[in-house]
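Protein chains in written order, with this note's numbering: chain L, 1 to 214; chain B, 215 to 338.
Glycine included, each C-beta is placed from N, C-alpha and C at the ideal position.
On a predicted model such as this, the values are computed, not experimentally measured, just so you know.
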Ligand SMILES: C[S@@+](CC[C@H](N)C(=O)[O-])C[C@H]1O[C@@H](n2cnc3c(N)ncnc32)[C@H](O)[C@@H]1O
């Protein structure tokens, strides 16, 4: 059992502006713990979280996998990257946050270098015009079928991941797991479902993608 | 922002920018923080780095004196080299300042150690 990172430096006030760790967050943490041995065996050098929010997930990953990897994270919310920096510091790990859209300023230099990629995206079905803010609404607003942000990332995955790289994605039922699988199969990836859990009205899953020929 | 991270950033996402690399650094606050030396980690990062970009970044922030201009052969077993690389990659940290796109001159602020690489809609 790995302890959940300490986030006591974040107050209820902080969570007016950044995503407060919730069931989806904890499902991702549980997934990483379940996958601990597989991830260790990969000997990752570069781990990246998109949409770090409080920074709890990338901090947990850094604790889980230790100091032989670089840990980077991005968010479009300025308060989130600040919080992620503080969370990593409070838990004694090195994480480098960057304020950017998805992987925009990293993808050229990180081409084929990312060994572990994690994303708990804004997945809630909302009107399209709610997508694209830089505040708290960006935590959940996923637009049509909750897929608008996810779908912008999918085509970037093949270029980002290393040969043995893995990608973990949190979704809800409405995001259409089968269609995501088809899209990723076209890009040369196979999908598995690591964990699923019902939380109130949401049926959450964490999907894992690896290259077909790895 | 550590110089290791800086090595991975480009401004190529700006419309019309070809390489956007390496980003210049004009720092108003640079810290040097103690970080545990992990030779395995540094060795693993070396092949992923753009070394000339690292040298330029070190120069921009005034920490290039010790850094070899080229990666030495068999660096994995060269502790002296790895320690110098470790220092520049992980201990030197830009806290406040700007990153500058080498082609467009667009500035990206670094606040509280975090680069703000967000662009306006009309820039992408
Ligand atoms: C559901 S929250 C997850 C936060 C944290 N990872 C967790 O699991 O608790 C989604 C996060 O993605 C961020 N986000 C939304 N759109 C983004 C984008 N285009 N690029 C980067 N981050 C984004 C939000 O600001 C928010 O922090």
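Using a C-beta cutoff of 8 angstroms, does residue i count as contacting chain L?
{"i": "residue 320 of chain B", "result": "no"}
{"i": "residue 226 of chain B", "result": "yes"}
{"i": "residue 295 of chain B", "result": "no"}
{"i": "residue 291 of chain B", "result": "no"}
{"i": "residue 242 of chain B", "result": "no"}
{"i": "residue 262 of chain B", "result": "yes"}
{"i": "residue 229 of chain B", "result": "no"}
{"i": "residue 217 of chain B", "result": "no"}
I'd like the list of long-range same chain contacts for residue i, defined as Cβ closer than 7 angstroms, with 5 residues on each side in sequence excluded.
{"i": "residue 56 of chain L", "result": "5, 7, 21, 25, 87"}
{"i": "residue 27 of chain L", "result": "170, 195, 197, 204, 206"}
{"i": "residue 262 of chain L", "result": "Since the first residue shown for chain L is 1 and the last is 214, residue 262 of chain L is missing from the structure and cannot be characterised."}
{"i": "residue 40 of chain L", "result": "65"}
{"i": "residue 152 of chain L", "result": "102"}
{"i": "residue 296 of chain B", "result": "253, 256, 257, 289"}
{"i": "residue 247 of chain B", "result": "305, 307"}
{"i": "residue 281 of chain B", "result": "269, 272, 298, 302"}
{"i": "residue 231 of chain B", "result": "225, 315, 317, 318"}
{"i": "residue 34 of chain L", "result": "194, 195"}
{"i": "residue 218 of chain B", "result": "259, 303, 304"}
Answer yes or no: the CB of residue i versus the heavy atoms of ligand 1, is any distance below 7 angstroms?
{"i": "residue 71 of chain L", "result": "no"}
{"i": "residue 138 of chain L", "result": "yes"}
{"i": "residue 24 of chain L", "result": "yes"}
{"i": "residue 80 of chain L", "result": "yes"}
{"i": "residue 151 of chain L", "result": "no"}
{"i": "residue 98 of chain L", "result": "no"}
{"i": "residue 52 of chain L", "result": "yes"}
{"i": "residue 121 of chain L", "result": "yes"}
{"i": "residue 30 of chain L", "result": "no"}
{"i": "residue 21 of chain L", "result": "yes"}
{"i": "residue 332 of chain B", "result": "no"}
{"i": "residue 57 of chain L", "result": "yes"}
{"i": "residue 101 of chain L", "result": "yes"}
{"i": "residue 254 of chain B", "result": "no"}
{"i": "residue 75 of chain L", "result": "yes"}
{"i": "residue 18 of chain L", "result": "yes"}
Spatial neighbours of residue i within its chain, please: CB distance less than 6 angstroms, with the 5 preceding and 5 following residues excluded, ordered by chain position.
{"i": "residue 74 of chain L", "result": "50, 98, 100"}
{"i": "residue 9 of chain L", "result": "86, 90"}
{"i": "residue 331 of chain B", "result": "322"}
{"i": "residue 315 of chain B", "result": "225, 234"}
{"i": "residue 48 of chain L", "result": "72, 114, 117"}
{"i": "residue 79 of chain L", "result": "17, 18"}
{"i": "residue 286 of chain B", "result": "292, 295"}
Examine chain B for any beta-carbon lying closer than 8 angstroms to the beta-carbon of residue i, and answer yes or no.
{"i": "residue 97 of chain L", "result": "yes"}
{"i": "residue 155 of chain L", "result": "no"}
{"i": "residue 65 of chain L", "result": "no"}
{"i": "residue 70 of chain L", "result": "yes"}
{"i": "residue 50 of chain L", "result": "no"}
Against residue i, what residues of chain L qualify as contacts under a CB-to-CB distance less than 8 angstroms, listed in chain order?
{"i": "residue 327 of chain B", "result": "85"}
{"i": "residue 254 of chain B", "result": "68"}
Can you list, in chain order, the residues of its chain with a C-beta nearer than 8 angstroms to that of residue i? Leave out the 5 residues immediately preceding and following it.
{"i": "residue 284 of chain B", "result": "265"}
{"i": "residue 230 of chain L", "result": "Chain L is shown from 1 up to 214; residue 230 of chain L falls before or after that span and cannot be answered."}
{"i": "residue 142 of chain L", "result": "121, 122, 123, 124, 125, 126, 131, 148, 149, 150, 175"}
{"i": "residue 133 of chain L", "result": "141"}
{"i": "residue 216 of chain L", "result": "Any answer about residue 216 of chain L is impossible in this case: the structure gives chain L only from 1 up to 214."}
Which chain L residues sit within Cβ distance under 7 angstroms of residue i?
{"i": "residue 251 of chain B", "result": "Per Cβ cutoff of 7 angstroms: no residues; residue 251 of chain B is ~10 angstroms from chain L at best."}
What residues from chain B crowd round residue i, counting only those whose CB sits closer than 9 angstroms?
{"i": "residue 56 of chain L", "result": "Within 9 angstroms Cβ-Cβ: nothing; residue 56 of chain L doesn't reach chain B, min ~17 angstroms."}
At a CB-CB cut-off below 8 angstroms, which residues of chain B make contact with residue i?
{"i": "residue 76 of chain L", "result": "332"}
Can you pull the chain L residues whose beta carbon is under 9 angstroms from the beta carbon of residue i, in chain order?
{"i": "residue 268 of chain B", "result": "Neighbours of residue 268 of chain B on chain L: none; closest Cβ ~12 angstroms, over 9 angstroms."}
Which of the residues in the stretch 78–106 of chain L, read from start to end, lie with their CB under 8 angstroms from any CB of chain B?
-> Among the residues of the stretch 78–106 of chain L, those with a Cβ less than 8 angstroms away from any Cβ of chain B are 78, 81, 82, 85, 94, 96, 97, 98, 99, 100, 101, 104, 105, 106, in the order of the chain.
What residues in the stretch 108–129 of chain L bring their beta carbon closer than 7 angstroms to a beta carbon of chain B?
-> Along the stretch 108–129 of chain L, the positions whose C-beta sits under 7 angstroms from a C-beta of chain B are 108, 109, 110, 113, read in chain order.
At a CB distance below 9 angstroms, what residues from the stretch 270–285 of chain B approach chain L? Give them in sequence order.
Cβ contacts with chain L: none found.
- With 7 angstroms as the C-beta to C-beta threshold (strictly closer), list the residues of the stretch 22–45 of chain L near chain B in chain order. Residues of the stretch 22–45 of chain L with a Cβ closer than 7 angstroms to any Cβ of chain B, in chain order: 45.
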